[in-house]
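Following the working numbering, the numbering of the sequence shown begins with 26 at its first residue and continues without gaps.
Report on the following structure.
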Amino acid sequence: MKEEFKAFVIDRDESTKEQSQGWKTVSTDDLMDGDVTVRVRHTTMNYKDALAITGKSPVVRRFPMVPGIDLAGEVVASESDRFQPGQNIILNGWGVGETHWGGYAEYARLKSDWLLHQPEGLSGADCMAVGTAGYTAALCVLRLQDLGVKPEDGKVLVTGASGGVGSFAISFLAQLGYTVAASTGRMEEEPYLKTLGASEIVDRGTLSGKGRPLDKETFAAAVDSVGSQTLANVLSKIAYGGTVAACGLAQGVDLPSTVMPFILRGVTLAGVDSVMAPLETREPAWSMISKTLDRDALAQITQSAALEDIEDLASQLLEGKIRGRLLIDVD
Ligand SMILES: NC(=O)c1ccc[n+]([C@@H]2O[C@H](COP(=O)([O-])OP(=O)(O)OC[C@H]3O[C@@H](n4cnc5c(N)ncnc54)[C@H](OP(=O)(O)O)[C@@H]3O)[C@@H](O)[C@H]2O)c1
Numbered sequence: 026m027k028e029e030f031k032a033f034v035i036d037r038d039e040s041t042k043e044q045s046q047g048w049k050t051v052s053t054d055d056l057m058d059g060d061v062t063v064r065v066r067h068t069t070m071n072y073k074d075a076l077a078i079t080g081k082s083p084v085v086r087r088f089p090m091v092p093g094i095d096l097a098g099e100v101v102a103s104e105s106d107r108f109q110p111g112q113n114i115i116l117n118g119w120g121v122g123e124t125h126w127g128g129y130a131e132y133a134r135l136k137s138d139w140l141l142h143q144p145e146g147l148s149g150a151d152c153m154a155v156g157t158a159g160y161t162a163a164l165c166v167l168r169l170q171d172l173g174v175k176p177e178d179g180k181v182l183v184t185g186a187s188g189g190v191g192s193f194a195i196s197f198l199a200q201l202g203y204t205v206a207a208s209t210g211r212m213e214e215e216p217y218l219k220t221l222g223a224s225e226i227v228d229r230g231t232l233s234g235k236g237r238p239l240d241k242e243t244f245a246a247a248v249d250s251v252g253s254q255t256l257a258n259v260l261s262k263i264a265y266g267g268t269v270a271a272c273g274l275a276q277g278v279d280l281p282s283t284v285m286p287f288i289l290r291g292v293t294l295a296g297v298d299s300v301m302a303p304l305e306t307r308e309p310a311w312s313m314i315s316k317t318l319d320r321d322a323l324a325q326i327t328q329s330a331a332l333e334d335i336e337d338l339a340s341q342l343l344e345g346k347i348r349g350r351l352l353i354d355v356d
């Protein structure tokens with residue numbers, strides 16, 4: 026089968042190292058190696074996609090590259106026993122959109138080891154509205170649960186609350202019975218965050234500047250997608266024996282903390298990675314999502330966006346102007 030189709034391609038001039046990008050007509054023969062070919066139906070935009078499109082961070086490590094770290098679609102050809110033509114699959118991460126052509130195209134060829142069957146009870150559009158951001162939020166919540174954090178332990182803080190990871194973390198935690206405090210720089214989003222399940226709003230300005238190595242024990246646990254000084258301050262406010270699931274760097278990659286929360290309060294800092302997480306970790310996360318997803322919250326979190334607008338959307342997302350998640354219908 027050979028099909029011509031449109032793809033958003035990022036390229037780089039190797040002498041000047043300047044990045045260029047735009048829509049191109051390519052063919053299924055141009056797709057990279059893999060044992061499953063997929064007609065992409067839905068994709069989304071994550072923080073990492075925005076970094077790739079704008080070139081603000083060296084996310085793309087092979088050129089030319091089709092970005093898009095998440096996709097959902099239908100198998101059109103398969104050499105794998107696990108997948109048959111006509112079945113619906115989802116993909117999150119595995120270096121897709123970074124070193125392997127991704128979701129901003131009508132077709133993708135992928136390794137079957139990276140794919141999950143579309144989870145029961147969710148459509149492809151649902152899965153892309155959730156996307157890597159929501160799946161990472163689920164990984165963070167499961168990590169807190171695995172480390173023994175219970176609803177009766179006290180409040181759980183979510184930073185970067187209006188973003189994709191933050192919005193889903195609030196919703197999942199609230200659905201599971203936790204009391205959630207949401208930290209945001211957009212105080213006008215209080216009604217949105219409360220609709221998702223937050224019971225308290227924290228001005229992120231109170232967490233983003235230099236703080237004390239140990240502060241008042243305020244939260245039993247936290248999901249942090251911000252990093253840097255915010256994560257340092259969050260650690261200093263975690264109660265004895267509490268846990269922080271850290272997955273992001275929206276404020277920065279540094280961590281200007283001390284060992285005090287760890288050695289005096291037994292706090293655990295649990296790192297969460299979604300990209301290379303094995304299938305045994307992904308499957309429970311998607312199963313939790315399909316059981317816990319609140320349809321009203323999903324509708325609040327998700328905005329539909331057009332594939333043609335991805336360059337504008339990428340800039341807006343990095344400027345913190347996008348609330349929640351963007352769902353892109355590739356058809
Ligand atoms: N570890 C992983 O596998 C993994 C997976 C997915 C995402 N991530 C990372 O997680 C982070 C969030 O991803 P996302 O998709 O949720 O992005 P997003 O939708 O852009 O949300 C990020 C949120 O962080 C807050 N924020 C932005 N700049 C900030 C700053 N300078 N200081 C403090 N807060 C700031 C904003 O929330 P408010 O406006 O509410 O303050 C923003 O909405 C990113 O760093 C991303 O790379 C990691």
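We put the CB at the ideal spot given by N, CA and C, even for glycine.
For Asp95, the enclosing beta strand (DSSP E) stretches over residues Asp95 to Ser103.
The beta-carbon distance between Gly185 and Ala245, rounded to whole angstroms, is 19 Å. This is too long to meet the 8 Å contact definition.
Here Pro83 is exposed, its C-beta having fewer than 16 other C-beta atoms within 10 Å. Per DSSP, reduced to three states, the secondary structure at Ala150 is helical. Put simply, the backbone Cα of Pro238 is about 15 Å away from that of Thr293. A residue is called buried when at least 16 other Cβ atoms come within 10 angstroms of its Cβ; Leu218 meets this threshold and is buried. Within the DSSP secondary-structure output, Gln44 pairs in a beta bridge with Arg37. A Cβ-Cβ contact shorter than 9 Å links Gly349 with Gln325. In the structure shown, the three-state DSSP call for Arg86 is coil. In this model, Glu336 and His142 are separated by some 30 Å (Cα to Cα).
Short of 7 Å from the beta carbon of Gly234, and not among the five residues preceding or following it, lie these beta carbons of its own chain, in chain order: Gln254.
Taking 8 Å as the cut-off, the C-beta of Asn258 does not count as close to any heavy atom of ligand 1. Distance check between Leu96 and each of Leu323, Thr69 and Gly189 places Thr69 closest, using alpha-carbon atoms only.
Cβ neighbours of Gly267 within its own chain (closer than 6 Å, five residues either side excluded): Ala245, Ala246 and Val292. The segment 249-309 is shown to contain whole alpha helix (DSSP H) runs of 4 or more residues at 253-261 and 285-290, in chain order.
Contact check between the segment 204-224 and the segment 294-311: fewer than three CB pairs, one atom from each, fall below 8 Å, which does not count as touching.
Of the residues Ser299, Ile226 and Val251, the one whose Cα lies closest to the Cα of Gly277 is Val251.
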